[in-house]
Amino acid sequence: MDLTLELAPIAEVRGVVRDETEQPIESAVVELWAKDGEDSTRVSSGWTDAQGRYRVGPAKPGVLKIFVGGEELFRVVVDARGQPVEGVRVEVRSALSRGRVPWLLGGGWVQQTGPDGRFSLQSVSGAQLELRVEKPEYVLACSEREGGRIALPVKPGDREVRAVLVREAFVHWQILHWDGTPVPSFPVSTREGLGNAREFSNEEGLFSVPILCTGTLQLELRVAEGVDVRGGSRRLRRLMSVREEVDVHLGALVLDGG
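Per the numbering used here, the sequence shown starts with residue 38, numbered consecutively.
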């Protein structure tokens, strides 16, 4: 009896692990886990080489887990009174690509703060990372918005950092023609770091802009040339004091021909 053995190549999972600067990461642990219903079983594991390359197998349907050496980062999210904020959505991103970093951190890309306002991320490495913290009806406090940023930088060596959120606040008003009818659309610019004018549209003339910082806010309301102002002014300016977390209601502003 003749016996012929044919050796077929074993399918493998191959790839390269890079950091947020596109540099290869050496000595990262790569594990291949096969899914069987609700259960998972580790099929194989390996390490990345000096070029960040890895090979694990045999390939099976499942999940590829990558662990990169680094520090454990703790953070706490509090409100303006120092009280913890629960249910804040936390996400790690690359400050260079504005995308997610190419490896898993702890329980995944996104976590939520617990009742004590805390969360932790495992294996944080790299010098160009940032955290986005989001919760409905909350924004980053003015003290956290250096340079107009909307995310918090993660500096090398950071172990515990505190993020401060405040409740959203707005300036509300209604703009009317001199005869009491609403102005339905016009651009608004502010001197509080919002940048260029934004176009507002509301049939009842009701509008609002967010309050970003405590201090002085200058509103400039301009009606476009193509809109009939019925003999009134095309521009209104208002200077006011505002505070974080405190809404301001200006009432009706009238284009009175001044």
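C-beta: ideal position from N, C-alpha, C; glycine also.
Note that the structure is a prediction, hence the values are computed from the model and not measured.
From this set, 280, 259 and 219, which residue's C-alpha is nearest residue 288's C-alpha?
219
Got a sec, what are the start and stop residues for the beta strand (DSSP E) residue 176 sits in?
175 to 177
So for residue 257, helix, strand or coil by DSSP?
strand
Rounded straight-line distance, which links the Cα of residue 53 to that of residue 251
47 Å
Who are the near neighbours of residue 67 in its chain, counting only those whose CB is closer than 6 Å to its CB and skipping five residues on each side?
83, 91, 93 and 103
Which of helix, strand or coil does DSSP assign to residue 128?
strand
With H, G and I counted as helix, E and B as strand and the rest as coil, what does DSSP make of residue 68?
strand
In whole angstroms, what is the alpha-carbon distance linking residue 129 and residue 190?
10 Å
What does a CB cutoff of less than 8 Å around residue 86 pick up in its chain, not counting 5 residues either side in sequence?
63
Three-state secondary structure (DSSP) at residue 171?
strand
If I follow the unbroken beta strand (DSSP E) through residue 11, where does it start and stop?
Within the shown structure, residues of the chain are numbered from 38 to 295, placing residue 11 beyond reach of any answer.
For residue 113, which residues of its own chain have a beta-carbon under 6 Å away from its beta-carbon, when the five flanking residues on both sides are left out?
154, 155 and 199
Using only CA atoms, which one of 152, 177 and 166 lies nearest to residue 117?
177
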